[in-house]
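Participant: One structure, as structure tokens, below. Some questions next.
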Amino acid sequence: MAAEARAQHKALAGHWAHMVVHGVLHLHGYDHGNARQARVMEGLEVEILRGFGYQGSLSTGDIPNMSDERPGPSGSWLRRLVES
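So for the sequence shown, the numbering used here puts the first residue at 4; every next one is plus one.
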């Protein structure tokens with residue numbers, strides 16, 4: 004994971020967070036086999052990571068930029084995930 008994060012110019016903690024969220028979404032049946040599915044899944048990833056206080060973009064490696072106050076999980080993404 005560390006080598007992959009370095010190669011993608013991402014912080015290791017942010018890369019781990021993204022991979023965990025990504026894997027949990029797969030466990031809940033989300034996929035990225037086509038462009039529409041990928042947009043939905045990436046949108047959820049960003050929403051979930053921001054809910055945990057991560058900011059930035061998945062593609063640029065700006066995640067994480069943690070604020071001093073770390074909000075807990077809340078919002079519509081959690082409800083959708085739990086209800087799926």
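Backbone N, C-alpha and C define an ideal beta-carbon position, used for all residues, glycine too.
Given the structure is predicted, the values throughout are model-derived calculations rather than measurements.
1. In the DSSP assignment, find the alpha helix (DSSP H) that holds Gln40 and state where it starts and stops.
2. In the DSSP assignment, find the alpha helix (DSSP H) that holds Gly22 and state where it starts and stops.
3. With a threshold of 16 other CB atoms inside 10 Å of the CB of Glu48, please say whether the residue is buried or exposed.
4. What distance in whole Å lies between the Cβ atoms of Glu7 and His21, which are believed to be in contact at a cut-off of 8 Å?
5. Output yes if chain D places a C-beta closer than 8 Å to the C-beta of Met22; else output no.
6. Just the Cα atoms here: how many angstroms apart are Ala38 and Leu30?
Facilitator: According to the structure shown:
1. Counting along the chain, the unbroken alpha helix (DSSP H) around Gln40 starts and ends at 38-54.
2. What sits at residue 22 in the sequence shown is Met, not Gly. Looking at the DSSP string, the run of the alpha helix (DSSP H) that includes Met22 is 15-30.
3. Around the C-beta of Glu48, 16 or more other C-beta atoms lie within 10 Å, and the residue is accordingly described as buried.
4. Incorrect: roughly 11 Å between the Cβ atoms, too far for contact.
5. This model lacks chain D altogether, as it is built from one protein chain only.
6. Straight-line spacing of the CA atoms in Ala38 and Leu30 works out to 19 Å.
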